[in-house]
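Have a look at the structure below, then the notes.
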Amino acid sequence: MSLSVSLFYISAAVAITTAIMAVTRKNASHALIYLVVTLLSIAVIFFLLGAPFAAALEIVIYAGAIVVLFLFVVMMLNLGRSSVARESQWLRPGMWVLPAILSGVLFIVFGYTVLQTENSAMIEGQVVPPKEVGKALFHKYLLGVELAGVLLLAALVGAFHLGRRYLEERREN
Amino acid sequence: MTTALNVPLEHVFFLAIILFLIGAFGVLIRRNIIFMLLSLEIMMNACGLAFVAAGARWAEPDGQIMFMFILALAAAEVAVALGLVIQLARRFETLDIDRAEELNG
Chain P
227 MSLSVSLFYI SAAVAITTAI MAVTRKNASH ALIYLVVTLL SIAVIFFLLG
277 APFAAALEIV IYAGAIVVLF LFVVMMLNLG RSSVARESQW LRPGMWVLPA
327 ILSGVLFIVF GYTVLQTENS AMIEGQVVPP KEVGKALFHK YLLGVELAGV
377 LLLAALVGAF HLGRRYLEER REN
Chain Z
38 MTTALNVPLE HVFFLAIILF LIGAFGVLIR RNIIFMLLSL EIMMNACGLA
88 FVAAGARWAE PDGQIMFMFI LALAAAEVAV ALGLVIQLAR RFETLDIDRA
138 EELNG
């Protein structure tokens, strides 16, 4: 087994373990740190698959921007020990059974579908450099880029609106 | 140039499926809205992983481009959703998503 292949399986195991930890933690900041480890191991997998640009974006935008945004909100809401106690009250063991069964059924369905595909092949990790991605992005997918820009503008306006109302209410109180 | 990886496409897809289901499980068991959003991030990452793997199978950039669109979608979703989280925390003084069920202002 070559170094790349063993790195792939190690990163996959780390990603799955830390994702489970992130979903089941009671303290929000601990869960977010586990999420960062998940994202970093997925970035390693992207790199091994021959997508260095996607790996860089995963680290810069997901681990660097989105998780920091989450952390800001967690710090702003000042979640302390009382919230950890409330989480353990909400996370009763009986609640886990039905979602676990549903996830198991979905796993069987998805797994069956994947195993039925006839395009089965080995991934050799042929590197697709950022240059190729940029060329395809601004020729074939130019309309998609414009639409993503409009979506981000809409999100900006929406986030500003939600935040502004909150400030006004605080001033009134 | 290759990274000398020699892994069946199905294995990457199975990793994406498992991550997606962990995210879906998290959305189902959690009542705290921050943890539900965190689980949604894991699910979106799993989708992106499947796209990048499919792009790597044919050594085409299209998979990475779809991943970038998913990234833009995730950024937009998080910006709006965290604004809603702050509103929820201020109005109901809790992060329990079940408290926001009344829908009458």
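Those protein sequences? They're chains P and Z, same order as listed.
Start counting the first sequence at 227; every next residue gets the next number (the working numbering).
Start counting the second sequence at 38; every next residue gets the next number (the working numbering).
Think of the CB as a built atom: it goes at the ideal place given N, C-alpha and C, for glycine as much as any other residue.
None of these values were measured; they are calculated from a predicted model.
Considering only C-alpha positions, which residue in the set the options is nearest to residue i?
i, options, result
"ALA91 (chain Z)", "Z:ILE70, Z:ILE79, Z:PHE50 and Z:THR40", "Z:PHE50"
"LEU295 (chain P)", "P:ARG307, P:SER308 and P:LEU258", "P:LEU258"
"LEU52 (chain Z)", "Z:VAL89, Z:ARG128, Z:LEU119 and Z:LEU75", "Z:VAL89"
"ILE59 (chain Z)", "P:ALA254, P:GLU358, P:TRP322 and P:SER237", "P:TRP322"
"VAL64 (chain Z)", "P:SER255, P:ALA281 and P:ILE246", "P:ILE246"
"HIS365 (chain P)", "Z:ASP133, Z:ALA41 and Z:ILE102", "Z:ILE102"
"ILE71 (chain Z)", "P:ILE334, P:LEU297 and P:GLN342", "P:LEU297"
"VAL359 (chain P)", "Z:ALA109, Z:GLU97, Z:ARG136 and Z:VAL122", "Z:GLU97"
"ALA61 (chain Z)", "P:VAL371, P:LYS357 and P:LEU332", "P:LEU332"
"ILE268 (chain P)", "P:GLY384, P:HIS387, P:ILE285 and P:ILE327", "P:ILE285"
"GLU78 (chain Z)", "Z:LEU108, Z:VAL122 and Z:ARG67", "Z:LEU108"
"MET105 (chain Z)", "P:VAL240, P:PRO356, P:GLU344 and P:VAL263", "P:PRO356"
"THR343 (chain P)", "Z:ALA113, Z:LEU42, Z:MET38 and Z:GLU47", "Z:GLU47"
"ALA116 (chain Z)", "P:SER230, P:SER228, P:LEU378 and P:MET227", "P:LEU378"
Run through DSSP, which three-state label would residue i get?
i, result
"ASN37 (chain Z)", "Because chain Z is modelled from 38 through 142, residue 37 (chain Z) falls outside the range shown and cannot be assessed."
"VAL44 (chain Z)", "strand"
"MET348 (chain P)", "strand"
"THR39 (chain Z)", "strand"
"PHE273 (chain P)", "helix"
"TYR288 (chain P)", "helix"
"MET227 (chain P)", "coil"
"LYS361 (chain P)", "helix"
"TYR367 (chain P)", "coil"
"TRP322 (chain P)", "helix"
"THR343 (chain P)", "coil"
"ARG390 (chain P)", "helix"
"VAL262 (chain P)", "helix"
"ASN253 (chain P)", "coil"
"PRO278 (chain P)", "helix"
"PRO356 (chain P)", "helix"
With hydrogens ignored, establish whether the beta-carbon of residue i is closer than 7 Å to any heavy atom of the ligand ATP.
i, result
"PHE88 (chain Z)", "Here there are no bound small molecules, and the ligand ATP is not part of this structure."
Near-chain P residues of the stretch 116 to 127 of chain Z - C-beta to any C-beta below 7 Å: ALA116, VAL117, LEU119, GLY120, LEU121, VAL122, ILE123, GLN124, ALA126 and ARG127
Interface positions of the stretch 88 to 111 of chain Z facing chain P (Cβ-Cβ less than 8 Å), listed along the chain: VAL89, ALA90, GLY92, ALA93, ARG94, ALA96, GLU97, PRO98, ASP99, GLY100, GLN101, ILE102, PHE104, MET105, PHE106, LEU108, ALA109, LEU110 and ALA111
Chain P contacts made by the stretch 40 to 51 of chain Z, where a contact means CB separation under 9 Å: THR40, ALA41, LEU42, ASN43, VAL44, PRO45, LEU46, GLU47, HIS48, VAL49, PHE50 and PHE51
Residues in the stretch 65 to 87 of chain Z having any Cβ partner in chain P nearer than 8 Å: LEU65, ILE66, ARG67, ARG68, ASN69, ILE71, PHE72, LEU74, LEU75, SER76, GLU78, ILE79, ASN82, GLY85 and LEU86
Alpha helix (DSSP H) runs wholly inside the stretch 295 to 319 of chain P, at least 4 long, in chain order: 307 to 316
Contiguous alpha helix (DSSP H) assignments of at least 4 residues, all confined to the stretch 97 to 139 of chain Z: 99 to 129
Short-range partners of chain Z found in the stretch 321 to 334 of chain P, where Cβ spacing is below 9 Å: MET321, TRP322, LEU324, PRO325, ALA326, LEU328, SER329, GLY330, LEU332 and PHE333
Contacting positions in the stretch 352 to 371 of chain P - beta carbon closer than 7 Å to chain Z: GLN352, VAL353, VAL354, GLU358, VAL359, ALA362, LEU363, TYR367 and GLY370
Cβ-based contacts, 9 Å cut-off: residues of the stretch 297 to 311 of chain P near chain Z: PHE298, VAL299, VAL300, MET302, LEU303, LEU305 and SER309
Where the stretch 282 to 295 of chain P meets chain Z: residues whose CB sits under 9 Å from a CB there: LEU283, GLU284, ILE287, TYR288, ALA291, ILE292, VAL293 and LEU295
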